[in-house]
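Following the numbering used here, the numbering of the sequence shown begins with 9 at its first residue and continues without gaps.
Even glycine gets a Cβ: it sits at the ideal position worked out from N, Cα and C.
Below you'll find the structure, written out as structure tokens, and then a few comments.
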Amino acid sequence: ELNRPDSLNAWNGQMSKDLFAAVEAVRDDDDVRAVVIAATGRAFCSGADLKDGAAGGLTTPDGKPDLERALHENYHPVITGLRNLPKPVISAVQGPCAGVGLSLALCADLVYATPDAYFLLAFVNIGLVPDGGSSAFIPARVGAARAAEMAMLGERVDAIKAAEWGLINGTVERDLFDDWIDGLAERLASGPTLSYAGTKRQINSWVYGSLDAQLALEASIQQEMVESADFAEGVLAFIEKRETSFTGR
Numbered sequence: 009e010l011n012r013p014d015s016l017n018a019w020n021g022q023m024s025k026d027l028f029a030a031v032e033a034v035r036d037d038d039d040v041r042a043v044v045i046a047a048t049g050r051a052f053c054s055g056a057d058l059k060d061g062a063a064g065g066l067t068t069p070d071g072k073p074d075l076e077r078a079l080h081e082n083y084h085p086v087i088t089g090l091r092n093l094p095k096p097v098i099s100a101v102q103g104p105c106a107g108v109g110l111s112l113a114l115c116a117d118l119v120y121a122t123p124d125a126y127f128l129l130a131f132v133n134i135g136l137v138p139d140g141g142s143s144a145f146i147p148a149r150v151g152a153a154r155a156a157e158m159a160m161l162g163e164r165v166d167a168i169k170a171a172e173w174g175l176i177n178g179t180v181e182r183d184l185f186d187d188w189i190d191g192l193a194e195r196l197a198s199g200p201t202l203s204y205a206g207t208k209r210q211i212n213s214w215v216y217g218s219l220d221a222q223l224a225l226e227a228s229i230q231q232e233m234v235e236s237a238d239f240a241e242g243v244l245a246f247i248e249k250r251e252t253s254f255t256g257r
């Protein structure tokens with residue numbers, strides 16, 4: 009469970025460690041037969057915690073934020089660990105689900121949300137590109153056209169539209185949501201988990217067979233972006249609460 013409600017569950021270094029430890033624990037625990045990714049508070053995850061800096065304090069030899077390394081070390085092990093987990097994984101989304109938080113939600117097998125939830129790739133608004141696997145997960149779910157719309161326009165997709173698009177599996181009213189998710193998890197946990205694991209292997213092979221390569225490509229391109237003048241302008245404009253003035257450099 010994501011439990012940093014005061015920061016809208018922004019993903020920081022400690023969360024990376026906690027999530028990876030949880031993935032490893034459930035992988036090795038035969039008593040755990042289904043997994044739910046949920047969150048406390050009014051948000052699922054608002055994305056990376058910018059208070060940690062663009063790369064969580066990691067820097068390149070020339071002093072630039074080393075976001076490529078941060079992605080490989082802090083985010084990718086969680087994403088691939090969940091995607092390769094031989095157990096069914098459900099994401100239970102309420103409120104904002106943005107940035108790398110969207111990648112976390114979509115790496116699950118089944119994704120459900122409350123009607124007030126929304127999904128957002130905000131990277132473009134500060135001159136970055138999607139990362140954390142979202143450039144693989146989103147086109148796989150909704151196609152290239154809608155993936156480009158989300159990535160290039162950086163606009164919210166509400167839960168109802170997300171379900172219509174196929175980005176998520178469906179919506180459940182908030183007052184019923186927790187019990188409904190619990191019921192689904194119990195259904196899966198009492199089902200043929202060996203079959204579920206085999207199904208995941210099939211889907212991973214056909215749909216996400218190049219996920220590791222895509223994650224590496226995302227990280228490499230993101231490093232180019234974080235060293236750009238547009239990213240510096242995007243961050244400054246965000247801090248100063250003004251419109252951006254991008255130059256394409």
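P104 beta carbon near the ligand MN (any heavy atom closer than 8 Å): Here there are no bound small molecules, and the ligand MN is not part of this structure.
Bridge partner(s) assigned by DSSP for C258: Summary: the structure shown does not reach residue 258, with the chain confined to residues 9 through 257, and so no result is reported for it.
Sequence ranges, alpha helix (DSSP H) only - wholly within the region 128-158, length at least 4: Qualifying alpha helix (DSSP H) stretches, in chain order: 142-150.
Segment contact, 8 Å Cβ cut-off, at least three pairs: the region 62-69 with the region 215-225: For the pair of segments examined, the region 62-69 was found not to touch the region 215-225: the number of CB pairs separated by less than 8 Å stays below three.
Element boundaries [beta strand (DSSP E), containing V44]: Numbered from 1 along the sequence shown, position 36 holds the residue referred to as residue 44. Run containing V44: 43-45, per the beta strand (DSSP E) assignment.
Beta-carbon contacts of F79 that lie in its chain and below 8 Å, excluding the five residues immediately before and after: Sequence index remark: in the sequence shown, residue 79 carries index 71 (1-based). It is worth fixing the name first, because residue 79 is Leu in this sequence and not Phe. Closer than 8 Å at the Cβ level, and outside the excluded window around L79, lie D139, G140, L223, E226, A227, Q230.
Residues sharing a beta bridge with P73, DSSP: Locating residue 73 in the sequence shown gives position 65, counting from the first residue. In the DSSP output, where bridge partners are listed per residue, P73 has T67.
Cβ pair I98, D74 closer than 9 Å: In the sequence shown, the residue the question calls residue 98 occupies position 90. In the sequence shown, the residue the question calls residue 74 occupies position 66. The answer is no: Cβ separation not under 9 Å.
Supposed close pair G199, Y120 - CB separation, criterion 8 Å: For the purposes of this step, residue 199 is identified with residue 191 of the sequence shown, where counting begins at 1. For the purposes of this step, residue 120 is identified with residue 112 of the sequence shown, where counting begins at 1. A Cβ-Cβ separation of about 17 Å leaves G199 out of contact with Y120 under the 8 Å criterion.
The region 164-184 contacting the region 24-36, beta-carbon criterion three pairs below 8 Å: no
Complete runs of the beta strand (DSSP E) confined to the region 176-200 [at least 3 residues]: The qualifying runs do not exist here; there are none.
Chain-order list of residues whose beta-carbon lies under 6 Å from that of P96 (same chain, five-residue window excluded): Walking along the sequence shown from the start, residue 96 turns up at place 88. Leaving aside the five residues that flank P96 on each side, the residues in its chain whose CB is nearer than 6 Å to its CB run, in chain order, A42, D117, L196, Y204.
Of the listed residues T252, W188, A18, I146, nearest to A100 (C-alpha basis): Mapped onto the sequence shown, residue 100 falls at position 92. Of the listed residues, the one whose Cα sits closest to A100 is W188.
Nonlocal neighbours in the same chain, by C-beta distance under 7 Å from N133, ignoring five residues either side: For the purposes of this step, residue 133 is identified with residue 125 of the sequence shown, where counting begins at 1. Closer than 7 Å at Cβ, skipping near neighbours: G162, G242.
Short Cβ contact (9 Å threshold) for V31 with V86: One-based indexing of the sequence shown puts residue 31 at position 23. One-based indexing of the sequence shown puts residue 86 at position 78. In contact: V31 and V86 (Cβ atoms closer than 9 Å).
Pairwise C-alpha distance: Y83 and L90: The residue labelled residue 90 in the question sits at position 82 within the sequence shown. The residue labelled residue 83 in the question sits at position 75 within the sequence shown. Roughly 11 Å separates the two Cα atoms.
Short Cβ contact (9 Å threshold) for Q102 with F52: Residue mapping note: residue 102 aligns to position 94 of the sequence shown, counting from 1. Residue mapping note: residue 52 aligns to position 44 of the sequence shown, counting from 1. Result yes, Cβ atoms of Q102 and F52 sit closer than 9 Å.
Extent of the continuous beta strand (DSSP E) run through A121: For the purposes of this step, residue 121 is identified with residue 113 of the sequence shown, where counting begins at 1. Where A121 is concerned, the enclosing beta strand (DSSP E) stretches over 118-121.
Distance between beta carbons of A193 and V44, contact taken as under 8 Å: As a position in the sequence shown, residue 44 is number 36, starting the count at 1. As a position in the sequence shown, residue 193 is number 185, starting the count at 1. Right, the Cβ-Cβ distance comes to about 5 Å (below 8 Å), so this counts as a contact.
Of the listed residues F145, Y126, T122, L136, nearest to C115 (C-alpha basis): Within the sequence shown, residue 115 is the residue found at index 107, counting from 1. Checking every option, the nearest Cα to that of C115 belongs to F145.
Residue range of the unbroken alpha helix (DSSP H) whose run includes L90: For the purposes of this step, residue 90 is taken as the residue at position 82 of the sequence shown. Residues 84-91.
Distance CB(A56)-CB(W19) smaller than 9 Å: By one-based count along the sequence shown, residue 56 stands at place 48. By one-based count along the sequence shown, residue 19 stands at place 11. It is a contact, given that the beta carbons lie within the stated cut-off.
Residues near N17 by beta carbon distance below 6 Å, same chain, minus five either side: Position 9 of the sequence shown, counted from the first residue, corresponds to residue 17. Same-chain partners within the cutoff: L10, A47, A51, C53.
Sequence-distant residues of the same chain with beta carbon closer than 6 Å to K72, five excluded per side: For the purposes of this step, residue 72 is taken as the residue at position 64 of the sequence shown. Answer for K72: E235, listed in chain order.
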